[in-house]
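K.L.:
In this note's numbering, the protein residues as written are 399 to 842.
1) Between the region 771-780 and the region 480-499, do three or more beta carbon pairs fall short of 8 Å?
2) Mind checking who residue 459 pairs with in its DSSP beta bridge?
3) Helix, strand or coil: how does DSSP classify residue 768 here?
4) Please report the straight-line C-alpha distance between residue 739 and residue 770, rounded to a whole angstrom.
5) Would you mind listing the alpha helix (DSSP H) stretches within the region 650-697 that are 4+ residues and don't spill past its ends, in chain order?
6) When burial is assigned at 16 or more other CB atoms within 10 Å of the CB, is residue 757 buried or exposed?
7) Which whole-angstrom value describes the C-beta separation of residue 822 and residue 449, a residue pair presumed to lie in contact below a C-beta threshold of 8 Å?
8) Quick test of the definition: if touching needs 3 or more C-beta pairs under 8 Å, does the region 658-668 touch the region 573-587?
9) Taking the DSSP output, what are the residues bridged to residue 522?
10) Based on DSSP bridge pairs, tell me the residues matched to residue 763.
11) What's the call for residue 454, buried or exposed, on a 16-neighbour Cβ count within 10 Å?
12) Less than 9 Å separating the beta-carbons of residue 468 and residue 631?
13) Quick check on DSSP: helix, strand or coil for residue 623?
14) Give me the Cα-Cα distance between residue 730 and residue 458, rounded to the nearest whole angstrom.
15) Taking the alpha-carbon positions, what's the residue 514 to residue 803 distance?
16) Taking residue 713 as the reference, which of 733, 702, 437, 743 has the closest Cα?
17) Only counting the same chain, and skipping five residues up and downstream in sequence, which positions put a Cβ closer than 7 Å to that of residue 818?
18) Once the 5 residues before and after residue 726 are set aside, which same chain residues still bring their CB inside 7 Å of it?
19) What residue range is occupied by the uninterrupted alpha helix (DSSP H) comprising residue 755?
20) Comparing alpha-carbon positions, which option in 637, 512, 639, 628 lies nearest residue 720?
21) Looking only at its chain, what residues have a beta carbon closer than 8 Å to the beta carbon of residue 773, apart from the 5 residues adjacent to it on each side?
22) Would you call the region 432-441 and the region 593-608 touching, i.e. three or more CB-CB distances under 8 Å?
23) Taking residue 444 and residue 826 to be in contact with their CB atoms under 8 Å, please state how far apart those CB atoms are, rounded to whole angstroms.
24) Around the C-beta of residue 528, are 16 or more other C-beta atoms found within 10 angstroms, so that it is buried, or is it exposed?
Structure representation (structure tokens):
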């Protein structure tokens, strides 16, 4: 049984929003200097992002199978070649391995910190450093809760598990964030946060910032790991995919900007520093919440609840493509496939946790990065862009153009189809490939 129209939009939106918009976007903006990164991200998302999202949706909607089977069904002449696309499905479990670790941190802050907030910057840093590099118990407990909860939800299937979860959590997420935005707008530091987010400084545009903005686009739209193609396979054949794409992109951008404005407003109010890496949300904000008094505890509670809502809708989307592939190609039951992928992901997640621990980080670090950093880098900078490039080339050069045009007539005029198809064949692949080549040349 497939998605309803609303269920598809909310499930895909839940996949794209996640911690990528709320946890990753603000700390990436902070590390990359604010406005330059934000505007590059917006430009890439509204052009390449929409084009690529629509391409992935169309492949899934026409193929109506798992990602690999979609390729093999839509072009039967190169079936063995398309089978190699399964490598891109590895991106979901790899991201899931560190994503659920971060969700474990959120659970810790929700349960242990919301009503016992740190009082000084030093104590806040110590709290997060102890959690991420000393306290194995809480990290493993939190990680285990979210990973196996994800496995259980996905084992229930599309209709009973993923759609029901999204129908409840996505509206709650938006309500919480709109409330927090209004609260942030009442603070004098909101104008400073606005300037930091949108003031364009061309001197801050570097190859690294451009690559980070591209990686954030892939990460926040769940491109390149089979999620969008897999979800679209469960939609009706007459789905308005352009409308669905915009309903995913625009609210996702809204949540990113709200998260950034809200977090930087709180940080600037108490003279915090934006560039604090992955710990931005966990170091600066609890201190800010403490200085708000009792109100801060309530705001903290709702903020970390919002992170939970956003995170769990993304984790299920990271597991589903690989599970569907295993059930279709190896005839595993859904439960068996979920447990198998979940088990391997669990082992990788434990390595992620131990790679950040002060006693084991040296043994689990390679070429200047620990397992956590390699998992993030290998997905957002390598697998996701390559997976997105693969789907663009497939649709642009190996699918029947007449069939694509016929299927898109219900939501694209001939002019817009030709413009989009030109982008899919030439603009988007060249842009992604060029940035990837420059990045690897830089690291060589």
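Each residue gets a CB set at the ideal place from its N, CA and C atoms; glycine is no exception.
P.N.:
Reading off the structure:
1) yes
2) None; residue 459 has no bridge partner.
3) strand
4) 19 Å
5) 678-689
6) exposed
7) 6 Å
8) yes
9) Per DSSP, none; premise fails for residue 522.
10) 768
11) buried
12) yes
13) coil
14) 21 Å
15) 58 Å
16) 743
17) 449, 452, 810
18) 463, 464, 467
19) From DSSP, residue 755 is part of no alpha helix (DSSP H); its letter is neither H nor E.
20) 628
21) 492, 493, 495, 496, 746, 750
22) yes
23) About 13 Å separates the two Cβ atoms, so there is no contact after all.
24) exposed
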